[in-house]
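The working numbering puts the first residue of the sequence shown at 719, with every later residue one more than the last. Down below is the structure, laid out as C-alpha coordinates.
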Amino acid sequence: MGAAGVSLDDHLLAHTALYHLPEEHKTTRTVMITSAKASDMVLTLSSVLSQINELVRDGSAATPKNSTSAFSAKNTGNYKRVTNYERCLNGKHNPKTAHPESECFQLHPEK
(Lines of atoms letter the chains of each structure in order from A and count residues from 1; the text may use other names and numbers.)
(Lines give C-alpha, C1' and ligand atoms only; values in the text may rest on other atoms or scores of the structure.)
Protein backbone atom coordinates (compact mmCIF):
# COMPACT_ATOMS: atom_id res chain seq x y z
CA MET A 1 0.00 0.00 0.00
CA GLY A 2 2.90 2.28 0.63
CA ALA A 3 3.85 1.96 -3.03
CA ALA A 4 0.45 3.28 -4.05
CA GLY A 5 1.02 6.34 -1.86
CA VAL A 6 -1.66 5.27 0.60
CA SER A 7 -0.89 4.63 4.23
CA LEU A 8 -2.29 1.60 5.99
CA ASP A 9 -4.08 3.93 8.41
CA ASP A 10 -5.92 5.66 5.56
CA HIS A 11 -6.95 2.30 4.08
CA LEU A 12 -8.20 1.06 7.46
CA LEU A 13 -10.09 4.30 8.07
CA ALA A 14 -11.81 3.90 4.70
CA HIS A 15 -12.96 0.39 5.54
CA THR A 16 -13.98 1.47 9.04
CA ALA A 17 -16.08 4.28 7.58
CA LEU A 18 -17.76 1.82 5.21
CA TYR A 19 -18.54 -0.63 7.98
CA HIS A 20 -20.07 2.13 10.08
CA LEU A 21 -22.62 2.98 7.42
CA PRO A 22 -26.17 2.24 8.60
CA GLU A 23 -27.51 -1.23 7.83
CA GLU A 24 -29.86 0.11 5.15
CA HIS A 25 -26.76 1.13 3.15
CA LYS A 26 -24.99 -2.23 3.26
CA THR A 27 -25.48 -2.62 -0.49
CA THR A 28 -23.58 0.62 -1.04
CA ARG A 29 -20.80 -0.69 1.19
CA THR A 30 -20.61 -3.99 -0.70
CA VAL A 31 -20.56 -2.30 -4.11
CA MET A 32 -17.78 0.08 -3.08
CA ILE A 33 -15.58 -2.69 -1.69
CA THR A 34 -16.24 -5.05 -4.61
CA SER A 35 -15.62 -2.42 -7.27
CA ALA A 36 -12.40 -1.36 -5.55
CA LYS A 37 -11.16 -4.97 -5.54
CA ALA A 38 -12.17 -5.55 -9.17
CA SER A 39 -10.34 -2.47 -10.42
CA ASP A 40 -7.30 -2.87 -8.13
CA MET A 41 -8.17 0.52 -6.68
CA VAL A 42 -7.07 1.19 -3.12
CA LEU A 43 -9.86 2.55 -0.97
CA THR A 44 -8.95 5.72 0.87
CA LEU A 45 -10.99 7.66 3.36
CA SER A 46 -11.28 10.60 0.97
CA SER A 47 -12.50 8.36 -1.88
CA VAL A 48 -15.10 6.75 0.39
CA LEU A 49 -16.28 10.11 1.70
CA SER A 50 -16.52 11.59 -1.80
CA GLN A 51 -18.60 8.63 -3.00
CA ILE A 52 -20.88 8.91 0.04
CA ASN A 53 -21.27 12.65 -0.59
CA GLU A 54 -22.14 11.89 -4.22
CA LEU A 55 -24.81 9.41 -3.12
CA VAL A 56 -26.27 11.94 -0.69
CA ARG A 57 -26.25 14.66 -3.34
CA ASP A 58 -28.03 12.34 -5.81
CA GLY A 59 -30.58 11.42 -3.15
CA SER A 60 -29.88 7.70 -3.46
CA ALA A 61 -28.61 7.52 0.11
CA ALA A 62 -31.74 8.96 1.67
CA THR A 63 -32.74 7.32 4.91
CA PRO A 64 -36.00 5.43 5.00
CA LYS A 65 -38.93 7.17 6.66
CA ASN A 66 -39.30 4.47 9.29
CA SER A 67 -35.72 4.52 10.52
CA THR A 68 -34.68 6.00 13.83
CA SER A 69 -31.36 7.34 14.93
CA ALA A 70 -29.57 6.15 18.00
CA PHE A 71 -30.39 9.43 19.70
CA SER A 72 -34.13 9.42 19.20
CA ALA A 73 -36.84 7.34 20.75
CA LYS A 74 -40.32 6.63 19.50
CA ASN A 75 -43.29 6.70 21.82
CA THR A 76 -45.00 3.38 21.13
CA GLY A 77 -47.86 1.67 22.85
CA ASN A 78 -49.08 2.83 26.23
CA TYR A 79 -45.68 4.03 27.38
CA LYS A 80 -44.94 7.68 28.00
CA ARG A 81 -41.64 9.31 27.18
CA VAL A 82 -39.82 10.07 30.41
CA THR A 83 -37.06 12.65 30.44
CA ASN A 84 -35.80 11.88 33.92
CA TYR A 85 -35.66 8.60 35.76
CA GLU A 86 -38.89 8.03 37.66
CA ARG A 87 -39.78 4.80 39.43
CA CYS A 88 -42.40 3.25 41.64
CA LEU A 89 -41.54 2.58 45.30
CA ASN A 90 -42.97 0.96 48.42
CA GLY A 91 -45.75 -0.93 46.64
CA LYS A 92 -47.21 2.21 45.04
CA HIS A 93 -47.43 3.23 41.39
CA ASN A 94 -45.83 6.53 40.43
CA PRO A 95 -47.85 8.09 37.55
CA LYS A 96 -44.72 9.90 36.32
CA THR A 97 -43.14 6.62 35.22
CA ALA A 98 -43.10 5.40 31.62
CA HIS A 99 -45.21 2.30 32.27
CA PRO A 100 -48.97 2.15 32.83
CA GLU A 101 -50.39 1.26 36.24
CA SER A 102 -51.60 -2.10 34.88
CA GLU A 103 -47.95 -3.10 34.25
CA CYS A 104 -46.47 -1.70 37.45
CA PHE A 105 -44.17 -4.22 39.12
CA GLN A 106 -44.77 -2.64 42.52
CA LEU A 107 -48.52 -3.31 42.22
CA HIS A 108 -48.20 -6.58 40.27
CA PRO A 109 -44.92 -8.31 41.26
CA GLU A 110 -46.07 -11.52 39.56
CA LYS A 111 -45.65 -9.92 36.10
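We treat Cβ as the ideally placed atom computed from N, Cα and C, and that holds for glycine.
* Helix, strand or coil at Leu739 [DSSP, three-state] -> Within the sequence shown, the letter at position 21 stands for residue 739. Reduced to three states, the DSSP call for Leu739 is coil.
* Look at the alpha carbon of Leu807 and the alpha carbon of Gln824, and state the distance between them as a whole number of angstroms. => As a first step, residue 807 must be located in the sequence shown, where it is residue number 89. As a first step, residue 824 must be located in the sequence shown, where it is residue number 106. Approximately 7 Å between the Cα atoms of the pair.
* Ala754 lies in the alpha helix (DSSP H); which residues open and close that run? -> Within the sequence shown, residue 754 is the residue found at index 36, counting from 1. From DSSP, the alpha helix (DSSP H) with Ala754 extends over Lys744 to Ala756.
* To do: List the residues that DSSP assigns as beta-bridge partners of Leu825.
  => Position 107 of the sequence shown holds residue 825. Its beta-bridge partners do not exist; DSSP assigns none.
* To the nearest angstrom, report how far apart Thr734 and Gly777 are at their CA atoms. => The residue you call residue 734 lines up with position 16 of the sequence shown. The residue you call residue 777 lines up with position 59 of the sequence shown. Roughly 23 Å between the two C-alpha positions.
* Leu773 vs Thr752 beta-carbon contact at 8 Å -> On the sequence shown, position 55 is the one that residue 773 refers to. On the sequence shown, position 34 is the one that residue 752 refers to. Contact: no.
* Asked: Do you know offhand how far Pro827's Cα is from Lys755's?
  -> One-based indexing of the sequence shown puts residue 827 at position 109. One-based indexing of the sequence shown puts residue 755 at position 37. Answer to the nearest angstrom: the Cα atoms are 58 Å apart.
* From Leu731, Arg805 and Met750, pick the residue whose C-alpha is nearest to that of Gln769; which is it? -> In the sequence shown, residue 769 corresponds to position 51, counting from 1. Taking only the C-alpha atoms, the option nearest Gln769 is Met750.
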